[in-house]
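First residue of the sequence shown: 1, per the UniProt record's numbering; consecutive thereafter.
Don't be surprised by glycine CBs; every beta carbon is placed ideally from N, CA and C.
Input: a single structure, listed below in structure tokens.
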Amino acid sequence: MESNSKNIKTFNYVWELIKYKPWLYLITVISWTASGIIPLIQGIMVKGFFDIIEGKPSLKIGIDGLLFLIVIITLIRILIIQLGFRTDVSNKFLMSALLRGNILNCILKKPGSKAIQTSIGEVINSFRDDVEQVESSIGWLSWLIGQIVFSLIALIIMIRINTKITLLVFVPLTAVIVLAQKSEKKVEKNREKSRQATGNVTGAVGEIFESVLAIKVSGEEKSVINNLKNLNEERHHLMLKDSLLTQLIDSVYNNAVTLGTGLILLLAAQVIRSGSFTVGDFALFIYYLAFVTDSIESLGNFLVHYKQTGVAFKRMANLIQSKDSDELVKHKPIHLKEGIIKKSNGNRSGKIKDSLIELSSLEVKSLNFCYENSQKGISNINFSLNKGEVTVICGRTGSGKSTVLKTLLGLLPADSGEVYWNGEIIKNLQSFFVPPISAYTSQVPNLFSATVRNNILLGLSEDEVDLRGAINLAVLEKDTKQLENGLDTVIGSKGVKLSGGQLQRVAVARMFVRNAQLIVVDDISSALDRETEKTLWKRLFKDNLRTCIIVSNKRFAMEQADNIILMKGGNIEAQGSLMDLLAECKEMQEIWN
1 MESNSKNIKT FNYVWELIKY KPWLYLITVI SWTASGIIPL IQGIMVKGFF DIIEGKPSLK
61 IGIDGLLFLI VIITLIRILI IQLGFRTDVS NKFLMSALLR GNILNCILKK PGSKAIQTSI
121 GEVINSFRDD VEQVESSIGW LSWLIGQIVF SLIALIIMIR INTKITLLVF VPLTAVIVLA
181 QKSEKKVEKN REKSRQATGN VTGAVGEIFE SVLAIKVSGE EKSVINNLKN LNEERHHLML
241 KDSLLTQLID SVYNNAVTLG TGLILLLAAQ VIRSGSFTVG DFALFIYYLA FVTDSIESLG
301 NFLVHYKQTG VAFKRMANLI QSKDSDELVK HKPIHLKEGI IKKSNGNRSG KIKDSLIELS
361 SLEVKSLNFC YENSQKGISN INFSLNKGEV TVICGRTGSG KSTVLKTLLG LLPADSGEVY
421 WNGEIIKNLQ SFFVPPISAY TSQVPNLFSA TVRNNILLGL SEDEVDLRGA INLAVLEKDT
481 KQLENGLDTV IGSKGVKLSG GQLQRVAVAR MFVRNAQLIV VDDISSALDR ETEKTLWKRL
541 FKDNLRTCII VSNKRFAMEQ ADNIILMKGG NIEAQGSLMD LLAECKEMQE IWN
């Protein structure tokens with residue numbers, strides 16, 4: 001992915017985004033170009049106004065006519081600018097929504113354990129700052145086109161009036177601005193460092209809020225605050241350095257017009273006496289000077305901004321880790337208007353053949369996975385189960401139990417092996433093993449800072465699922481009654497208002513409410529008391545209707561198993577019924593006892 005990100009062509013990406021809504025962007029360009037050209041007409045009118053006062057009228061209409069035209073043209077320009085703003089804002093919003101949507105889709109398509117390889121702070125910075133950088137550049141480009149058109153025409157008009165003054169004023173000004181632009185590289189480096197420092201602070205704040213309990217238990221509040229203080233001081237230093245240099249360069253740009261006006265005054269004094277340069281010409285030069293100087297400055301700033309946009313694209317491409325970095329700007333519908341039909345649930349059954357939705361048999365052949373830069377993983381995993389059967393995976397800590405589940409579900413990318421569902425090979429495990437095919441509860445479940453109800457439903461419509469049944473299966477009915485607002489209780493960041501056992505059972509209820517063909521659970525009873533655990537297992541195995549793959553070393557779970565897989569060192573040590581394994585396998589006897 002790194003080599004791919006180095007080959008990113010910024011223009012190609014920008015062009016793809018422009019093509020997303022080409023007519024909207026074209027209207028924006030036309031609007032900004034028109035609003036940029038109108039000051040040319042206003043400048044000529046200002047020249048005519050002063051020529052009339054001087055007694056050398058260059059236009060055939062009087063002062064009243066000129067003032068009337070200036071007002072009318074100004075009103076027209078206001079309307080054009082309003083149109084430009086509306087289309088520009090809409091286009092920027094669509095482009096940023098497209099980029100953020102594509103980034104999110106790419107992350108969600110990745111195997112769960114490899115979805116994000118950077119800190120959360122850097123991810124947030126990419127979603128916020130890098131996307132804004134791109135949309136700003138494309139919007140700036142549409143506005144810059146009008147400025148360049150204005151400047152070229154204005155320079156032609158001024159050269160026709162007096163070539164010498166035009167060159168003597170604008171050549172030095174251009175040189176000053178170009179020299180200032182050279183120092184923009186230093187600004188870019190400073191900005192990159194300050195952006196990184198901001199990401200470090202954002203990430204640290206996020207980690208602090210996520211680990212409040214661990215910080216308080218270890219009594220390390222002061223050291224954590226000191227670390228955050230140091231990060232903020234570093235950010236303050238870098239931001240100050242960046243701001244100081246930026247203000248210095250801005251002062252050069254801001255004084256360029258004043259410098260140009262002084263040059264025009266010095267150069268125009270002699271030619272005005274000779275009569276070859278009128279007061280109207282002088283007024284026109286002063287009027288155009290600010291616009292042309294601003295255009296030169298904007299062009300230089302845009303070139304630097306454009307380079308920063310290339311850096312932003314590289315960061316976003318690294319974030320999505322896609323072999324095809326064009327996924328970043330892939331066109332897709334963005335629904336901004338009301339009335340869009342909302343899908344009732346998150347099931348993807350529409351993408352799965354009817355013959356595969358209902359489970360008949362599952363077979364795993366030679367499944368292998370090895371963690372990067374490590375020899376640990378799983379090797380040559382083979383097992384099968386039929387509808388209604390329960391398979392329990394047991395073993396010591398670090399034997400590879402959870403890795404088997406994650407590789408089977410596609411949360412870890414399998415190095416080799418095959419998985420068959422109803423006799424058909426499954427090519428994309430991650431996209432296949434989702435509701436209504438399978439539902440999974442991990443050893444450490446993740447909950448959102450929402451209500452208990454929303455955490456269980458997670459996008460499903462309550463009218464279309466058996467919420468109460470799922471709560472009952474998860475042994476959560478008494479807990480919900482004791483919560484202050486029942487199912488509508490907001491659980492706080494990562495479920496801080498719930499106990500460890502309640503967290504697990506909310507996640508279990510979320511799994512059951514999806515009514516999947518295959519239930520996959522990873523040591524879900526680790527935080528439960530003995531009585532609650534026993535009730536949960538009884539309800540899970542009631543009537544022997546559910547097909548389950550369970551990671552557990554608990555006796556009750558193994559007693560209900562049709563098949564037990566004993567893991568050791570990433571390999572299957574033994575496999576069979578509980579009675580057979582207890583009779584023949586010493587490792588199983590030690591785990592059982």
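Apart from the 5 residues on each side of it in sequence, N454 sits with its Cβ closer than 8 Å to the Cβ of F448 in its chain, given in chain order. Using a C-beta cut-off of 8 Å, the segment 267–280 makes contact with the segment 151–170, since at least three inter-stretch Cβ pairs fall below that distance. Within the segment 367–441, the runs of beta strand (DSSP E) at least 3 residues long that lie entirely inside it are, in chain order, 377–386, 390–395, 416–421, 438–441. If you look at K47, you'll find it in the alpha helix (DSSP H) that goes 22–54.
Membership of D522 in the beta strand (DSSP E) is indicated by the continuous run 518–522. Taken atom to atom, the span from the alpha-carbon of G36 to that of D130 is near 28 Å. Secondary structure at L238: helix, using DSSP grouped into helix, strand and coil. Secondary structure of A574 (DSSP, three-state): strand. When the five nearest sequence neighbours on each side are left out, the beta carbons in the same chain lying within less than 6 Å of the beta carbon of H305 are those of S137, in order along the chain. For L483, no alpha helix (DSSP H) segment is defined, and its DSSP state is neither H nor E. The closest CA to that of V419, considering only L412, I18, N382, is found on N382. Rounded to the nearest angstrom, the gap between the Cα atoms of K241 and L228 is 20 Å.
In the displayed model, T451 falls within a strand according to three-state DSSP. For L566, the secondary structure class from DSSP, reduced to helix, strand or coil, is strand.
Note on geometry: alpha-carbon atoms of V434 and L75 lie some 58 Å from one another.
Burial is judged here by how many other beta carbons sit within 10 angstroms of a residue's own beta carbon; V444 has fewer than 16 and is exposed. Put simply, of G300, A574, V46 the residue whose alpha carbon is nearest the alpha carbon of G65 is V46.
When E207, G219, L319, T278 are compared, the shortest CA-CA separation from I107 is found for L319. For the options L94, V508, E462, I334, the alpha carbon positioned closest to that of L476 is the one of V508. Around T532, the same chain offers V475, G501 as residues with beta carbons nearer than 7 Å, after the five sequence neighbours per side are excluded. If you draw a straight line from the Cα of R160 to the Cα of S151, it comes to about 14 Å.
In terms of Cβ geometry, K92 and G55 do not form a close pair [threshold 7 Å].
Annotated three-state conformation of C548 is strand, per DSSP. S211 sits in coil when the DSSP states are folded into three classes, being neither helix nor strand. Runs of the alpha helix (DSSP H) spanning 4 or more residues and lying entirely within the segment 219–299 occur at 221–274, in chain order.
By a beta-carbon distance limit of 8 Å, A516 does not contact P413. Their separation comes to about 22 Å.
Secondary structure of K586 (DSSP, three-state): helix. Where L498 is concerned, there is no enclosing alpha helix (DSSP H), because DSSP gives it neither an H nor an E. The criterion of a C-beta distance shorter than 7 Å is satisfied by L367 and G417. A check of alpha carbon separations from D522 across L408, I156, Q42, I208 identifies L408 as the nearest. The beta-carbon distance between S402 and K568, rounded to whole angstroms, is 14 Å. This is too long to meet the 8 Å contact definition. Distance from the Cα of K164 is smallest, within the candidate group I27, F277, S223, for F277.
One Cα belongs to A290, the other to I78, and the distance between them is close to 19 Å. With a cut-off of 8 Å on Cβ pairs, the segment 564–578 is in contact with the segment 374–390, counting three or more such pairs.
Look at V465 here: in three-state DSSP terms it is coil, with no helix or strand label. Contact between N162 and D326 is ruled out by a C-beta separation of about 51 Å, above the 8 Å threshold.
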